[in-house]
Amino acid sequence: MTETFTGAVVEEFGAPLVIEDVALPTPDRHQALVKLIASGVCHTDLHAAHGDWPVKPEPPFVPGHEGVGEVVALGPGSHSVAVGDLVGNVWLWSACGECEQCRTGWETLCPDAEYGGYTVDGSFGTYMLVDTRYCARIPAGSDPLEVAPILCAGVTVYKGLKVSETKPGQFVVISGVGGLGHIAVQYAKAMGMRVIAVDIADDKLELAKKHGAEFTVNAGEVDPAAAVQEYTNGGAHGILVTAVHPAAFGQAIGMARKGGTIVFNGLPPGDFPAPIFDIVFNGLTVRGSLVGTRQDLEEALDFYARGLIHPTVHECRLEDVNEVFEKMVKGQIDGRMAIRY
Ligand code: NAD
Ligand code: ZN
Ligand code: ZN
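Per UniProt numbering, the very first residue in the sequence shown carries number 1; after that it's consecutive.
Structure, rendered in structure tokens:
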């Protein structure tokens, strides 16, 4: 077996990733070595490479947490996957399994969790490790490139929509129609919701319409809260914010119906002013939502396997990763970019 593999490495925050040889890891207990076939590029990878968040990864590291590949070797101990199986790495790379959060169905909030492509090397390379207790099992018949974005974008918005408590027939706003948002439109539609999409670019709104949004608002041209209030005759029941600008977070509160729920998935660095009177007087719920549990992932993949979700994916190569990040900063990606190895 080769001693090294080719990876895209963050050597320094804010600098271009370096394509270089990385030492091939040996799978430890409960771990598998995976030969990658594809990996989505999430905006979180960009935040990671820029060191945007208060909790930072430690360079050098390999980003990527939407990787799909084949198990080529297993570490010691029991495994629920076998050599040859198609698996994926995810943001929730592993959790302790024992803390209060893990015990109560909130493993995504485990204080001892490891994060794929952040605290553990990820899928921007030809090989990676997964924890076989937490990795994704890719449904038979999946297109590796198309299924990759389900591993982060898909499960994140699916869980976000669940905790928005929006019921079939009710209005949900998807604010931000990027990698996450264009998939959120599809899950919301499949879950029976009436979908309104908000973005600042007309081509993103076209993509939302193509995937089932019945009404779209360009927040760069009109007041999106007023437009949503008018269209829904009193506000949306749920609002899912996947946008990468703090302005969208404040605007989301103004879109809600009395008793509505606003869920934040997007993680741009920064703050926004929150109107206390509106939140209290309208009985609003504002909550954050971080990826999803293993069970959420199974469910999200099952929607995909049943043909209900078709991410818009554009293929690139590992060597293109810096160019992809540049396009992402400018908001020029239509759906999701995915690396093919
Ligand atoms: P993306 O770059 O593909 O999409 C971002 C979208 O936001 C673009 O369509 C852009 O036009 C839009 N946008 C920018 N400003 C806007 C505004 N003012 N109003 C409305 N839309 C606006 O990014 P992505 O991969 O979809 O990720 C989105 C965010 O979600 C990132 O911050 C990422 O880190 C975060 N994320 C969170 C989780 C989680 O578990 N909570 C998981 C994955 C990603
Ligand atoms: Zn992600
Ligand atoms: Zn835990």
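Every residue, glycine too, gets a C-beta built ideally from N, C-alpha and C. As the structure is a prediction and not an experimental result, all values here were calculated from the model.
- Beta-bridge partners of residue 218 (DSSP): 199.
- Among the bridge pairs identified by DSSP, residue 261 is matched with 238, 285.
- Residue side-chain check: residue 114 keeps its Cβ at 8 Å or more from all non-hydrogen atoms of ligand 2.
- Per DSSP, the continuous beta strand (DSSP E) segment holding residue 87 begins and ends at 86–88.
- Rounded to whole angstroms, the gap between the alpha carbons of residue 184 and residue 78 is 36 Å.
- In this structure residue 253 touches residue 275 by the C-beta definition: roughly 6 Å separates them, less than 8 Å.
- Taking non-hydrogen atoms of ligand 3 into account, the C-beta of residue 292 is found less than 8 Å away from none of them.
- Distance from the CA of residue 283 to the CA of residue 166, rounded to the nearest whole angstrom, comes to 15 Å.
- Apart from sequence neighbours up to five positions away, the residues of its chain that approach residue 8 with a beta-carbon distance below 6 Å are 17, 19, 124, 318, 321, ordered along the chain.
- Across the structure, residue 160 and residue 139 are spaced so that their CA atoms are roughly 22 Å apart.
- Shown here for residue 65: same chain residues with a beta carbon closer than 8 Å to its own, the five before and five after excluded, namely 42, 44, 45, 89, 90, 91, 93, 115, 116, 117, 118, 122, 123, 151, 152 in chain order.
- Taking the CA atoms as reference points, residue 52 sits about 15 Å from residue 243.
- Segment contact: the stretch 294–311 against the stretch 171–191, three or more CB-CB distances shorter than 8 Å; contact assigned.
- The DSSP assignment places complete alpha helix (DSSP H) segments of no fewer than 4 residues inside the stretch 40–90 at 43–50, in order along the chain.
- For residue 102, the enclosing alpha helix (DSSP H) starts and ends at 100–103.
- Bridge partners of residue 174 according to DSSP: 197, 240.
- Secondary structure at residue 7: strand, using DSSP grouped into helix, strand and coil.
- In this structure, the beta-carbon distance from residue 145 to residue 38 falls below 9 Å.
- Proximity to residue 95 across 87, 106, 85 peaks at 106, based on C-alpha coordinates.
- In this structure, the C-beta of residue 200 approaches ligand 1 to less than 8 Å from one of its heavy atoms.
- Secondary structure note for residue 92: its beta strand (DSSP E) is the uninterrupted segment 92–94.
- Cβ contact annotation for residue 261 (same chain, cutoff 6 Å, sequence separation greater than five): 164, 165, 238, 285, in chain order.
- Shortest Cα-Cα distance from residue 74 to any of 330, 329, 34 involves 34.
- Of the residues assessed, residue 265 falls on the buried side of the cut-off, its CB having 16 or more other CB atoms within 10 angstroms.
- Taking the Cα of residue 32 as reference, the smallest distance to any Cα among 231, 81, 193 is reached at 81.
- Taking each of 327, 97, 273, 158 in turn and checking the Cα distance to residue 131, the smallest one comes out for 97.
- Exposed is the label assigned to residue 273, since fewer than 16 other Cβ atoms lie within 10 Å of its Cβ.
- A distance below 7 Å between beta-carbons, with the five flanking residues on each side excluded, links residue 207 to the following residues of its chain, in chain order: 177, 182, 312, 334, 335.
- Here residue 227 is buried. Its C-beta has 16 or more other C-beta atoms within 10 Å.
- Between residue 270 and residue 256 a beta carbon distance of about 21 Å is seen, past the 8 Å cut, so the two are scored as non-contacting.
- Restricted to the stretch 260–337, the beta strand (DSSP E) segments that are unbroken, complete and at least 3 residues in length are 285–288, 313–316, listed in chain order.
- Spanning the alpha carbons of residue 205 and residue 247 requires a straight line of approximately 18 Å.
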